[in-house]
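The structure under discussion appears below in the form of structure tokens.
2 protein chains.
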Amino acid sequence: MAQLQNDRFLRACRKQKVDRTPIWIMRQAGRYLPEYRAVRAKSDFLTMCKTPELVAEVTLQPIDILGTDAAIIFSDILVIPEAMGMFLEMNEGVGPVFPKPIRNENDFNELKDADPSKDLKYVIDAVELTKKELNGRVPLIGFSGAPWTLLTYMVEGKGSKNFSEVKKLIYNNPKLAHKILDKISDSVINYLNAKIEAGVDAVQIFDTWGGILSQDDFDEFSLQYITKIIAGLKRKDQPVIVFAKGVHSKLRRLAKCGADVLGLDWTMDINKVRERVGDRVALQGNLDPTILYGTQDFIKSRVKKTLEAYGKGSGHIFNLGHGILPDVNPENAIALVKFVHEESKKYH
Amino acid sequence: MAQLQNDRFLRACRKQKVDRTPIWIMRQAGRYLPEYRAVRAKSDFLTMCKTPELVAEVTLQPIDILGTDAAIIFSDILVIPEAMGMFLEMNEGVGPVFPKPIRNENDFNELKDADPSKDLKYVIDAVELTKKELNGRVPLIGFSGAPWTLLTYMVEGKGSKNFSEVKKLIYNNPKLAHKILDKISDSVINYLNAKIEAGVDAVQIFDTWGGILSQDDFDEFSLQYITKIIAGLKRKDQPVIVFAKGVHSKLRRLAKCGADVLGLDWTMDINKVRERVGDRVALQGNLDPTILYGTQDFIKSRVKKTLEAYGKGSGHIFNLGHGILPDVNPENAIALVKFVHEESKKYH
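Top to bottom, those sequences are chains A and B.
Going by my numbering, the first residue of the first sequence is number 1, and it counts up by one from there.
Going by my numbering, the first residue of the second sequence is number 349, and it counts up by one from there.
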């Protein structure tokens, strides 16, 4: 493998000294880029995910266009449930749908363990190809949904407002919920290990729906499985980032789950979180994604504010507090990366 | 006015001694009750809001059926923007829509100050009629949306996922945003004062969307207007409850906005919040609404847990952490009220 030319992201994950704060953007390979839309226009979403050449192409776009300090392999968190045997529909304008959601023991019995070398080989091939094409320019991140977030989709079957079905499951049949979560966790472990073996330099676990649980329920139905996954990873020195959106509490416990980095959404105060758990983990985030709707002067002022909030020293990976929105002007994303690079030097 | 026969709710708001913890349920006059659906079947939603006899009827239903310790006048937070001159459509299955949302200075100039004695007379009439029909059984709560939450609806025009339009407004034209928020606040003050004059025993301000703002933005675009409203209320001893959903931070500052009670959603730890601000305010909440999907044994166990988390002494008003969901079995809501009444005695 080619030697890494820019290892700021990895160094910051490990809280090692850097010359400036690294930045990457969640969903940086996405619809806001005309170059992405051009690729996407030629194929449907799932075909894109399953075609290593297309994955490599869109994964590299933000490195070329924005100059971010890390690439993240283009994919979707729902490829895991699909690899576990669920039929996944990606409906234009509606979002992903599982027409046969998991609701009972019988549904559970039809789930299989995802075999990454077979069912998810396209991701592994994409990682290898992307690593080759990146040629050491920046590190490559692989990701997975957290078991709780995957369970939510698998049980609801589609987007939800109140998450009634998955809540019914955990409150009425916690035993079955735990069985499914356990099975998902095993598939996630195998999936992330296969990505690590294929060459990703770091992994991120997305718990998009951790924040809909009360604090004790988060412990029971989400955090323990994230912890299990991290313990099951066969990694050399690849850092693990956990992004639990909307999870404001239990930060100390979250910081002990084995992750090297905690991702923060924009409603958290990165300064206060650093005070609480910054001795233990690096922090990633946390600009409000809608800040990119503002003028470049305004974006710059908020970049400065976020850098100042984290303060001096390593351990900060700049990012948005959630994925970049599809109607953002790409010029503003380019400016964001430039501002972080320019303004962060004095903190190191 | 008839003497109050059950003042537990008001006493708890003031942190005075009670013999058991009072409970009411957000959206307790709602679709989960067949009795409500029977009334609703005969008229559309807005007509119901504007017909004092129907408002009084559904407002009293949960008092008769569940035995809650407070009534809350049936209405909708969007009657304020409507009274400010916006055309409001209530579309079955889609939710409320403002076909002409506020996006610029011209739109703003068309807004007028709501005159409660004229534009919202139907609410005032409904309060008076309901007070009469309640005949002192339990206190009556009046409510309003917080200015930030109202602004969100007025600018987005409909339900939103990313709140792009209102964020564009506050980031690109904060001056205009503040002008609108100020105008909304004035209308809310007049509206709540008219309700107080008409006889409500307490008021609740709902900031449903406070949690989509970063912490400093919440201060600037929400909290200062809530504070302004409370300062503008002409009240004798009517307590004010502020429910800012998803606002986990700045609890100390929130506790200083003039409110007597803070409402907590289910993702907060009522025990820890009491430790932080319980000397200053009473706390309302905070059972996960989806707990009511569970068995009655399970509901009872979670009721006990919440009561135990708040602990001994007054200052706790039991409630869900958000509105009761439309597909909840009413028997479970009845059981919830019973369990709170039975299990809470030992804490007083």
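Ideal placement from N, C-alpha and C gives every residue a C-beta, glycine not left out.
Is DSSP giving residue i helix, strand or coil here?
i	result
His664/B	strand
Pro495/B	helix
Gly263/A	strand
Leu192/A	helix
Gln28/A	coil
Gly559/B	helix
Leu140/A	strand
Ile450/B	coil
Ile72/A	strand
Ala630/B	strand
Arg356/B	helix
Leu111/A	coil
Arg583/B	coil
Asp392/B	coil
Ser160/A	coil
Arg302/A	helix
Lys346/A	helix
Thr152/A	helix
Val676/B	coil
Leu571/B	helix
Ser701/B	The displayed coordinates of chain B run from 349 to 696. Any statement about residue 701/B would go beyond what the structure contains.
Pro464/B	coil
Arg252/A	helix
Thr59/A	helix
Lys15/A	coil
Thr130/A	helix
Identify the contact partners of residue i in chain A, using a Cβ-Cβ distance below 7 Å as the criterion.
i	result
Ser562/B	Trp266, Thr267, Asp288
Leu673/B	Asn162, Ser164
Gly443/B	Simply none; closest approach about 10 Å.
Show which residues of chain A have a CB atom less than 9 Å away from the CB atom of residue i.
i	result
Gly626/B	Neighbours of Gly626/B on chain A: none; closest Cβ ~17 Å, over 9 Å.
Phe646/B	Tyr171, Asn172
DSSP puts residue i in a beta bridge; with which residues?
i	result
Met90/A	Pro96/A
Leu287/A	Leu320/A
Gln552/B	Phe491/B, Ile589/B
Leu428/B	Note that residue 428/B is Ile in the sequence shown, not Leu. DSSP output for Ile428/B lists no bridge partner at all.
Ile270/A	DSSP output for Ile270/A lists no bridge partner at all.
Ile23/A	Phe318/A
Should residue i be labelled buried (16 or more other beta-carbon atoms within 10 Å of its own) or exposed?
i	result
Glu453/B	exposed
Gly93/A	exposed
Ser391/B	exposed
Phe45/A	exposed
Pro147/A	buried
Glu331/A	exposed
Ile566/B	This sequence places Phe at residue 566/B; Ile is not what is there. The residue is buried, with at least 16 neighbouring Cβ atoms inside 10 Å.
Pro382/B	exposed
Ser649/B	exposed
Are residue i and residue j close, meaning C-beta to C-beta below 8 Å?
i	j	result
Ile291/A	Phe339/A	no
Met432/B	Ala462/B	yes
Pro447/B	Glu437/B	yes
Val240/A	Ile205/A	yes
Tyr225/A	Ser185/A	yes
Ile65/A	Ile334/A	yes
Val58/A	Val39/A	yes
Lys527/B	Phe422/B	no
Cys361/B	Asp555/B	no
Arg280/A	Ala255/A	yes
Gly278/A	Gly323/A	no
Gly642/B	Tyr32/A	no
Gly258/A	Ile230/A	yes
Leu540/B	Gly490/B	yes
Ile196/A	Leu151/A	no
Thr267/A	Leu287/A	no
Phe9/A	Val200/A	no
Could you list which residues in chain A have their beta carbon closer than 8 Å to that of residue i, in chain order?
i	result
His596/B	His248, Ser249, Thr267
Tyr641/B	Ser164, Lys167, Lys168, Tyr171, Asn172
Gly505/B	What Gly505/B touches in chain A: nothing, since even the nearest Cβ is about 16 Å away.
List, in order along the chain, the chain B residues whose C-beta lies closer than 8 Å to that of residue i?
i	result
Phe221/A	Within chain B, no residue comes near Phe221/A; the closest Cβ sits about 12 Å away, beyond 8 Å.
What residues from chain B crowd round residue i, counting only those whose CB sits closer than 7 Å?
i	result
Gly211/A	Thr615
Answer with yes or no whether the minimum CB distance from residue i to chain C is below 8 Å.
i	result
Ser535/B	Judged by its chain identifiers, the structure shown contains no chain C, and its protein chains are A and B.
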